[in-house]
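K.L.:
Note that the sequence shown ends on residue 564 in my numbering; no numbers are left out.
Note that beta-carbon positions come from the ideal geometry of N, C-alpha and C, so glycine has one too.
Remember, predicted model here, so these are calculated numbers, not experimental data.
Here it is, the structure in full.
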Amino acid sequence: MKVLKFGGTSVGSAERMQNVVNLINDGETKIVVLSAMSGTTNSLIEFTNYLRNGNVNGACEHSTFLQTKYMQTISELYKTQEGKAAATAKVNEVFAHLRDLAQQKLSDDLEKEIVAQGEIISTNMVTFFMQEQGIDVKLLNALDFMRLAVNGEPDLEYIREHLLPLLDADKEGRIYITQGFICMNHEGSYDNLQRGGSDYTATLIGSAVNAEEVQIWTDIDGVHNNDPRVVEGTSPVRNLHFEESAELAYFGAKILHPTCILPAKLTGTPVRLLNTMDPKAEGTRIDNNLTRPGEIKAIAAKENITAIKIKSGRMLLAYGFLRKVFEIFENYKTSIDMVCTSEVGVSVSIDDDRRLDEIVAELQKIGTITVDRNMCIICVVGDLDWENVGFEARAMEAMKDIPVRMVSYGGSNYNISFLVREEDKVKALRSLSASIFGTNK
Ligand code: ADP
Ligand code: ASP
Ligand code: MG
């Protein structure tokens, strides 16, 4: 069985939804994971922002605007009165529920319940549309099986145990639809897999059902070798190793959720990225094979990075200094991305600076601290095994006119990272692309 995930852009209009249904209706049993229609999750977050500011009326007005957009889509999508009526009733029910929720005291659980409604609407709409066409479809409620364990990570055992009984073995050709992104936490309250998390839902389901393949359908022809919004002449990467794709996802190739590749890697389930606009295109296949050893595959960037340098005479020839530094970050639940050390200092980078002031105050007790904000990690990904020669020189050469704050290489076989100023991001991406892939600067 295959698991197919369609992102917000792929279900973003009546026409796109129709397109998705044409794509999935090929007589094969499959599980289809859907995101909310594009813009909806942002809109629901805005709804919670109104509530946080005590503006219940503003929230309700905002939801009416969104509801009108859904009504428009319904009028375009359904052919029959029954289909229209079923979808209208569901959308009205969800928006009435949202307005009820708006009257309650805002809590973490409530916020997550609100944000979950986007996927609930989109999956219901597509299911009604398929029923209208006589397709054998069953809507699975993700909240019945997608669950986080006590540690906040998806509980694959629970998912498997609760999902498998929902799949009817005797219904050949049936299409199962379910919501991406949304789940319950270990206490049975609403939760989610973070922004962009529908990809993660798909690979978790893929591992749970031992799928032959997980397909992530989006609006572009696979993972590109650089961000197509910044660099001209990028091209799709045909094959990525799980490790390469994990590095890319962490470092900002936004096409994949950062952790979605982990479950697939665990069970060896191949993941393919495909294009809804061009279904015949090859896309990107992610698996355990290194097709061409020594090849640089892609470049990605991650913004909003803060670099912190800790310099201390006490570090020289001392043991335990790094532990003290890392412990401070751990105490403030702040994870470190890049690390570079010299004999008398260490530089680290973080992307979550909410506890920065407290961290710096603690670090000042052990050394002299310098903080650089608005930085950007540029990461080059490929089979960069240290015994392959020459690629560091090519990457360095491309950065020759750009001030580089940190360089990190050797942490894994798949990544070399540079920390530069955000304002130099575009220049760095273009220059690396030109020197590595031969695109125009
Ligand atoms: P979806 O709504 O299907 O989940 P996303 O918006 O999450 O889609 O991701 C697709 C977008 O990611 C593309 O439209 C593209 O502009 C952008 N993107 C950023 N970096 C890359 C990259 N390296 N390769 C391909 N697409 C990228
Ligand atoms: N709808 C959610 C978001 O916009 C999840 C997803 O699309 O993957 O982040
Ligand atoms: Mg996405």
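Cα-Cα, which of N247, R270, N142, G329 is closest to L263?
P.N.:
Of N247, R270, N142, G329, the residue nearest in Cα terms is N247.
K.L.:
Report yes if the C-beta distance between T326 and T399 is below 8 Å; otherwise report no.
P.N.:
no
K.L.:
Using a Cβ-Cβ cutoff of less than 7 Å, which residues in the same chain neighbour K235 once the five nearest sequence positions on both sides are dropped?
P.N.:
Spatial neighbours of K235 in its own chain (CB-CB distance under 7 Å, excluding positions within 5 residues in sequence) are listed in chain order as Y313, D314, N315.
K.L.:
State the DSSP-derived secondary structure class of V126, mapped to helix, strand or coil.
P.N.:
strand
K.L.:
On a CA-only basis, which of E485, V155, I539 is nearest V527? Give me that one, please.
P.N.:
Out of E485, V155, I539, I539 has the C-alpha closest to the C-alpha of V527.
K.L.:
With DSSP as the reference, label A424 as helix, strand or coil.
P.N.:
strand
K.L.:
The ligand ADP heavy atoms versus the CB of H347: any closer than 7 Å?
P.N.:
yes
K.L.:
So, does the stretch 400 to 408 touch the stretch 299 to 313, judging by three or more C-beta pairs under 8 Å?
P.N.:
no
K.L.:
Three or more beta-carbon pairs under 8 Å between the stretch 488 to 506 and the stretch 431 to 445, yes or no?
P.N.:
yes
K.L.:
Out of I500, G356, E169, E280, point me to the one whose CA is closest to C183's CA.
P.N.:
E169
K.L.:
Mind checking V512: buried by the 16 CB within 10 Å criterion, or exposed?
P.N.:
Exposed is the call here.
K.L.:
Taking the alpha carbon of G391 as the reference point, which residue from G329, R352, E545, V346 has its own alpha carbon closest?
P.N.:
G329
K.L.:
To the nearest angstrom, how far is it from the Cα of V549 to the Cα of V353?
P.N.:
7 Å
K.L.:
Give the range of the beta strand (DSSP E) segment to which G505 is assigned.
P.N.:
491 to 505
K.L.:
Can you say whether S74 is buried or exposed, counting buried as having 16 or more other CB atoms within 10 angstroms of its CB?
P.N.:
Not covered by the structure: residue 74. The range shown for the chain is 124 to 564.
K.L.:
Take the Cβ of E295 as the centre, count every other Cβ of all protein chains shown within 10 Å, and call the residue buried at 16 or more, exposed below.
P.N.:
exposed
K.L.:
What is the DSSP secondary structure of L229, reduced to helix, strand or coil?
P.N.:
In the three-state scheme derived from DSSP, where H, G and I count as helix and E and B as strand, L229 is classed as coil.
K.L.:
Tell me whether S158 is buried or exposed, calling it buried when 16 or more other Cβ atoms sit within 10 Å of its Cβ.
P.N.:
buried
K.L.:
Examine the Cβ distances between the stretch 379 to 394 and the stretch 333 to 351 and report whether three or more of them are shorter than 8 Å.
P.N.:
yes
K.L.:
Give the DSSP-derived three-state secondary structure of K548 in the structure shown.
P.N.:
helix
K.L.:
Using only alpha-carbon positions, find the residue among L385, D344, N427 that is nearest to E370.
P.N.:
Per the Cα distances, L385.
K.L.:
Taking a contact to mean a Cβ-Cβ separation below 8 Å, would you say A423 touches F374 in this structure?
P.N.:
yes
K.L.:
Kindly indicate which residue of I428, V156, V469 has the alpha-carbon position closest to the one of R446.
P.N.:
V469
K.L.:
How far does the beta strand (DSSP E) with E336 in it reach, from first residue to last?
P.N.:
336 to 341
K.L.:
Would you say the beta carbon of T491 is closer than 7 Å to some non-hydrogen atom of the ligand ASP?
P.N.:
no
K.L.:
Going by DSSP, what residues sit across from Y532 in a beta bridge?
P.N.:
I539
K.L.:
Can you list, in chain order, the residues of its chain with a C-beta nearer than 7 Å to that of Y193? Leave out the 5 residues immediately preceding and following it.
P.N.:
V214, I244
K.L.:
Return yes when at least one heavy atom of the ligand ASP lies under 7 Å from the C-beta of R415, else no.
P.N.:
no
K.L.:
Alpha carbon to alpha carbon, what distance is there between I482 and G135?
P.N.:
Between G135 and I482, the C-alpha separation is close to 42 Å.
K.L.:
Smallest Cα separation from T382: which of H347, A239, G320?
P.N.:
G320
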